[in-house]
Amino acid sequence: MSTPIDLTALKERQKVAWASGDYALIGTTLQIVGETLAEACDLRCDEEVLDVAAGNGNATLAAARRGCLVTSTDYVAALLERGQDRARAEHLDVTFQVADAEALPFADSSFDAVLSTFGVMFAPDQAKAAKELARVCRRGGRIGLANWTPEGFVGQMFKTLGRYLPPPPGAQPPSNWGAEAWLHSNFDDRQFQVQVTRRHFNFRYRSAAHFIDVFRHWYGPVHKAFAALPPESGQALEADLTLLIDGLNRAGAESMVVPSEYLEVVITKR
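Letter 218 of the sequence shown, counting from 1, is numbered 218 in the UniProt record's numbering, and no numbers are missing.
1) What's the gap between the Cα of THR197 and the Cα of LYS224?
2) Run the CB neighbour count on GLY83, radius 10 Å, all protein chains shown included, and call it buried at 16 or more, exposed below.
3) Excluding five sequence neighbours on each side, which residues of the same chain lie with their C-beta closer than 7 Å to the C-beta of MET1?
4) When the Cα atoms are used, what is the spatial distance from LEU161 to VAL98?
5) Compute the distance between the beta-carbons of VAL266 and CYS41, then report whether it is under 7 Å.
6) How many Å lie between ASP188 and VAL214 at the Cα?
7) Report the three-state DSSP secondary structure of MET1 (helix, strand or coil).
8) Here's a check: name, in chain order, each residue in its chain whose Cβ is nearer than 6 Å to the Cβ of GLY155, leaving out the five neighbours to either side.
9) Taking the alpha carbon of PHE111 as the point to measure from, which residue in GLY140, LYS15, PHE96, ASP22 has its own alpha carbon closest?
10) From the DSSP output, which residues share a beta bridge with VAL76?
11) State the DSSP-derived secondary structure class of ASP240, mapped to helix, strand or coil.
12) Using 10 angstroms around the beta-carbon of GLU132, count the other beta-carbons present and answer buried if the total reaches 16, otherwise exposed.
13) Counting beta carbon pairs with one atom in the stretch 244-253 and one in the stretch 117-125, are three or more of them shorter than 8 Å?
14) Any idea what DSSP makes of residue 275, helix, strand or coil?
15) Report the rounded CA-to-CA distance for ASN56 versus PRO166, giving the unit in angstroms.
16) From ARG142, LEU30, ALA62, pick the residue whose C-alpha is nearest to that of THR268; which is it?
17) Comparing alpha-carbon positions, which option in ALA127, HIS184, GLU47, PHE118 lies nearest VAL94?
18) Name, in chain order, the residues that DSSP records as bridge partners for TYR262.
19) Please report the straight-line C-alpha distance between ALA227 and ALA236, rounded to a whole angstrom.
20) Nearest-angstrom Cα distance between ALA63 and LEU115?
21) Between the C-alpha atoms of ILE26 and ALA17, what's the straight-line distance to the nearest angstrom?
22) Rounded to whole angstroms, what is the Cα-Cα separation between PRO168 and SER185?
23) Does the beta carbon of GLY178 fall short of 6 Å from some heavy atom of the ligand MG?
24) To which residues of the same chain is PRO221 closer than 7 Å at the C-beta, ignoring the five residues directly before and after it?
Below is the structure:
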């Protein structure tokens, strides 16, 4: 019999990974995803909005720019501080609070909209996180998600990392949240209606080498992967990532533009 996975230990390792590097330098490039999601959810002025696993606040800022009353949460306090800096610079009034996506410290039916862009999908206990999103959303409210798909560039990048540093046995891949069947099985019932749109975010860098250099220094999971590998394995990982990027690059030899598919999800609570 297999040993049950220690989700608490996995979560602690994830916290260390996301706190390493400086995700904010990557996160700010994804701002357009938060803006698009805010429009898809048709956010209204004065609605109460929760951003879960907010990182440095892309969906947070998008909602606040639309006049919403926003609470921005993450389990990494340093990321919330970067979001707070951004909100302060725009004179946006946002509440920031350290919170775990699997145990949100809010009452049932507290928010008109619950958002997460490339955040809650990394929660180790996926079923518990999904239930928490549903619990704090009011009847008639919306859950808005942006999730990388397994087939897209980021999904393939994580599969490549997994070949060098396999996840613990029994760990669920974050890309589950980017699979329509998984979303429907966890949300689509008499209480929820799931609407999914496939979109692409374009990663724009000078080259594959430039992308890898930025991500190995600042993007927590890639940063920790390279730090944990011996030099020869690190070189092999770099070669595999280069091959992946070059195969998807639509900008030619002089630059790098790599589309990465994600699901834009709007779940309405009836």
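Ideal Cβ placement from N, Cα and C applies to all residues, glycine included. This one's a predicted model, so the numbers in the text were calculated from it and none came from an experiment.
So, to answer that:
1) Within the sequence shown, the letter at position 197 stands for residue 197. Within the sequence shown, the letter at position 224 stands for residue 224. About 32 Å.
2) If you number the sequence shown from 1, residue 83 lands on position 83. The residue in question, GLY83, is buried, as its Cβ has 16 or more Cβ neighbours within 10 Å.
3) As a first step, residue 1 must be located in the sequence shown, where it is residue number 1. At MET1, the pLDDT of 48 sits below 50, so the modelled position is not reliable; the number obtained from the coordinates is stated separately. Around MET1: no qualifying Cβ.
4) As a first step, residue 161 is located in the sequence shown; it is residue number 161 there, counting from the start. As a first step, residue 98 is located in the sequence shown; it is residue number 98 there, counting from the start. LEU161 and VAL98: Cα-Cα distance of roughly 28 Å.
5) For the purposes of this step, residue 266 is taken as the residue at position 266 of the sequence shown. For the purposes of this step, residue 41 is taken as the residue at position 41 of the sequence shown. A contact, by the Cβ cut-off of 7 Å.
6) One-based indexing of the sequence shown puts residue 188 at position 188. One-based indexing of the sequence shown puts residue 214 at position 214. Straight-line Cα distance between these residues: approximately 38 Å.
7) Here residue 1 corresponds to residue number 1 of the sequence shown, with the count starting at 1. The predicted model places MET1 with a pLDDT of 48, which falls under 50 and marks its position as unreliable, so this point remains unresolved.
8) Residue 155 sits at position 155 when you count from the first residue of the sequence shown. Here the set comprises TRP148, THR149, SER175.
9) Along the sequence shown, read from residue 1 onward, the residue named residue 111 stands at position 111. Ranking the options by Cα distance to PHE111, first place goes to GLY140.
10) Counted from its first residue, the sequence shown places residue 76 at position 76. VAL76 pairs with nothing; no bridge assigned.
11) The residue given as residue 240 occupies position 240 in the sequence shown. ASP240 falls in the helix class under three-state DSSP.
12) Here residue 132 refers to the residue found at position 132 when the sequence shown is read from its first residue. Buried, because 16 or more other Cβ atoms sit within 10 Å of the Cβ of GLU132.
13) no
14) For the chain, the structure presents residues 1 to 270; residue 275 sits outside this window and is missing.
15) Here the question's residue 56 lines up with position 56 in the sequence shown. Here the question's residue 166 lines up with position 166 in the sequence shown. Approximately 27 Å, taken between the alpha carbons.
16) Position 268 of the sequence shown, counted from the start, is the residue given in the question as residue 268. The candidate whose alpha carbon is nearest that of THR268 is ARG142.
17) Against the sequence shown, residue 94 aligns to sequence position 94. Checking every option, the nearest Cα to that of VAL94 belongs to GLU47.
18) If you number the sequence shown from 1, residue 262 lands on position 262. Paired residue(s): TRP148, ARG199.
19) Start at 1 with the first residue of the sequence shown, and residue 227 comes out as number 227. Start at 1 with the first residue of the sequence shown, and residue 236 comes out as number 236. C-alpha separation (whole angstroms): 14 Å.
20) Residue mapping note: residue 63 aligns to position 63 of the sequence shown, counting from 1. Residue mapping note: residue 115 aligns to position 115 of the sequence shown, counting from 1. So the two alpha carbons sit approximately 9 Å from each other.
21) Within the sequence shown, residue 26 is the residue found at index 26, counting from 1. Within the sequence shown, residue 17 is the residue found at index 17, counting from 1. Straight-line Cα distance between these residues: approximately 14 Å.
22) Your numbering for residue 168 matches position 168 in the sequence shown. Your numbering for residue 185 matches position 185 in the sequence shown. Approximately 24 Å, taken between the alpha carbons.
23) For the ligand MG, the structure offers nothing, since it holds no ligand at all.
24) As a first step, residue 221 is located in the sequence shown; it is residue number 221 there, counting from the start. Answer for PRO221: ALA17, LEU161, listed in chain order.
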